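**Q**
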Amino acid sequence: MTLSKPTPEDDEYAGMNAARGRRTRIIAWVVIVSLILVGGGSTVLALLFG
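Using numbering that gives the first Met the number 0, the letters of the sequence shown correspond one by one to residues 0 to 49.
Right, here's the structure in full:
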């Protein structure tokens, strides 16, 4: 089995991979924060209007 050498195309995709990871992390945090806000808002409304 031989190991393939990195090609210039691999270097181009490496930058895209880093951007993709960063974007995934940002989306995950946005989803977590919005779930907390929506859940907290529901709790407050339930307490107010019981």
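Just so you know, even glycine gets a beta-carbon here, dropped at the ideal spot from N, CA and C. Only a predicted model underlies this, so the values are computations on that prediction, with no experimental measurement involved.
Note down the Cα distance separating Gly20 from Phe48, rounded to an integer number of angstroms.
**A** Your numbering for residue 20 matches position 21 in the sequence shown. Your numbering for residue 48 matches position 49 in the sequence shown. Going by the C-alpha atoms only, they are around 42 Å apart.
**Q** Quick one: grab the DSSP three-state call for Gly38.
**A** Reading the sequence shown from its first residue, position 39 is the one you call residue 38. Three-state result, Gly38: helix.
**Q** Is DSSP giving Gly49 helix, strand or coil here?
**A** Start at 1 with the first residue of the sequence shown, and residue 49 comes out as number 50. It is coil, neither helix nor strand.
**Q** Output the distance between the C-alpha atoms of Thr42 and Ala17, rounded to the nearest integer angstrom.
**A** By 1-based counting over the sequence shown, the position of residue 42 is 43. By 1-based counting over the sequence shown, the position of residue 17 is 18. Rounded to the nearest angstrom, the two C-alpha atoms are 38 Å apart.
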